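These notes are about the structure you will find just below.
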Amino acid sequence: MLTSFGTIVSVSLADALGDEELHPEERAFLRGLEGARRATWLGGRIALRRALAAVGVSCDAILADDRGAPHLPARVRGSISHKETIALALATTALDDDHVGVGVDVEYDRPLRVDIAKRVLTTAELASLERFAEGERDHVVRVAFALKEAVYKAIDPACRRYVGFREVELDFRVITEPGEIPISTQLAPDPGPLAVRCAWSAATDASGEALIVATATASRMRVHAAERS
532 MLTSFGTIVS VSLADALGDE ELHPEERAFL RGLEGARRAT WLGGRIALRR
582 ALAAVGVSCD AILADDRGAP HLPARVRGSI SHKETIALAL ATTALDDDHV
632 GVGVDVEYDR PLRVDIAKRV LTTAELASLE RFAEGERDHV VRVAFALKEA
682 VYKAIDPACR RYVGFREVEL DFRVITEPGE IPISTQLAPD PGPLAVRCAW
732 SAATDASGEA LIVATATASR MRVHAAERS
């Protein structure tokens with residue numbers, strides 16, 4: 532699927548997946564994994580390789596960097612997310628090094644087993660949450676969680692640290708409608724001016740269960756000398 536953030540490819544983990552599409556070094560790493568970890572890692576790498584191929588990129592082994600993200604060639608940006616039944620990857624190419632990164636996150640659109648609102652929402656977001664009907668509330672919290680997870684992945688190459696949920700704030704006036712959601716960040720320490728965009732869409736897995744797919748992109752904003760003075 533082509534989006535304004537890049538190309539998204541999904542892989543069903545319900546299917547029997549072979550390792551033929553992997554690089555030999557990836558196969559060697561895969562042999563050390565078992566169970567669900569093996570399935571999600573394999574599905575994620577297959578999805579990312581297919582997404583990269585869709586944007587015209589072929590590369591050597593895609594292993595993890597020191598932050599746990601896929602280590603990709605210069606000016607290639609990619610991200611992986613997975614749940615029990617599906618793996619997703621987002622890939623794009625960067626025109627220059629100012630394009631920091633992209634992020635993708637997938638979540639089941641289910642009622643919350645544990646109320647995570649106070650853990651993942653800002654004070655303003657919690658106040659906005661009160662206007663939603665009980666049936667919408669869990670959906671909104673899950674969408675917000677997915678969007679923030681995607682944003683964290685996109686900005687991580689600039690921040691290179693854990694970013695708290697309250698450092699990112701979303702516009703809840705439009706959050707129930709799929710599409711781009713206005714966002715603001717209060718990052719401390721500040722990695723410098725970043726232009727961050729995020730969006731979400733609805734999808735389903737192979738069994739028809741509803742999913743939330745969130746995407747994000749981040750770029751450095753150039754500040755000229757006249758603007759700094």
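Residue numbers (my numbering): 532 to 760. Heads up, the beta-carbon is just placed ideally off N, CA and C, and yes, glycines get one too. This one's a predicted model, so the numbers in the text were calculated from it and none came from an experiment.
Could you check whether residue j and residue i sit closer than 7 Å to each other, using their CB atoms as the reference points?
i, j, result
"Thr-538", "Ala-605", "no"
"Glu-682", "Ala-747", "Contrary to the premise, residue 682 reads as Val rather than Glu in this sequence. Their beta carbons are under 7 Å apart, which means Val-682 touches Ala-747 by this criterion."
"Ile-577", "Glu-552", "yes"
Among residues of its own chain, excluding the 5 on either side of residue i, which ones have a beta-carbon nearer than 8 Å to its beta-carbon?
i, result
"His-613", "Leu-544, Thr-571, Gly-574, Gly-575, Leu-619 and Val-637"
"Ile-617", "Ser-541, Val-542, Ser-543, Leu-544, Gly-574, Val-637, Asp-736, Ala-737 and Leu-742"
"Ala-677", "Asp-636, Val-637, Glu-638, Trp-731, Ile-743, Val-744 and Ala-745"
Measuring only the C-alpha atoms, how far is residue i from residue j?
i, j, result
"Ala-756", "Pro-720", "For Ala-756, the pLDDT reaches just 47, beneath the cut-off of 50, and the residue's location in the model is therefore unreliable, although a value from the coordinates is still provided. Cα to Cα, Ala-756 sits roughly 22 Å from Pro-720."
"Ile-593", "Ala-749", "21 Å"
"Arg-650", "Met-752", "30 Å"
"Val-607", "Gly-634", "13 Å"
"Phe-536", "Gln-717", "22 Å"
"Ala-726", "Glu-556", "35 Å"
"Arg-598", "Val-694", "13 Å"
"Ala-625", "Asp-550", "28 Å"
"Arg-562", "Val-645", "35 Å"
"Asp-591", "His-554", "7 Å"
"Arg-568", "Arg-558", "14 Å"
"Ile-714", "Ala-595", "28 Å"
"Pro-724", "Ile-647", "29 Å"
With a CB to CB cut of under 6 Å and the five nearest residues on each side skipped, what residues in its chain are close to residue i?
i, result
"Gly-609", "Leu-579, Pro-601, Leu-603 and Ala-622"
"Met-532", "Ile-539"
Can you list, in chain order, the residues of its chain whose CB lies under 7 Å from that of residue i, leaving out five sequence neighbours each side?
i, result
"Pro-722", "Ala-689 and Cys-690"
"His-630", "Arg-608 and Ser-750"
"Lys-679", "Val-651, Phe-696 and Val-699"
"Ile-706", "Val-671, Val-674, Ala-675 and Ile-712"
"Asp-640", "His-670, Arg-673, Ala-741, Leu-742 and Ile-743"
Using 8 Å for Cβ pairs, my map puts residue i next to residue j. What's the rounded Cβ distance?
i, j, result
"Phe-696", "Ser-659", "At roughly 15 Å, the Cβ-Cβ gap does not stay under 8 Å, so Phe-696 and Ser-659 are not in contact."
"Pro-642", "Asp-669", "5 Å"
"Ala-685", "Gly-632", "5 Å"
"Leu-701", "Glu-667", "Between Glu-667 and Leu-701 the Cβ distance is about 15 Å, and since that is not below 8 Å, they are no contact."
Do we get a CB-CB distance below 7 Å when we pair residue i with the residues of chain D?
i, result
"Leu-621", "Judged by its chain identifiers, the structure shown contains no chain D, having just a single protein chain."
Original post:
Taking the runs of the alpha helix (DSSP H) that are 4 residues or longer, which of them lie wholly in the region 623–705?
Top reply: 648–651, 654–660 and 665–690
**OP:** Write down every uninterrupted run of the beta strand (DSSP E) in the region 562–620 whose length is 3 residues or greater and which is fully enclosed by it, in chain order.
**Re:** DSSP runs (the beta strand (DSSP E)) wholly in the region 562–620: 607–613.
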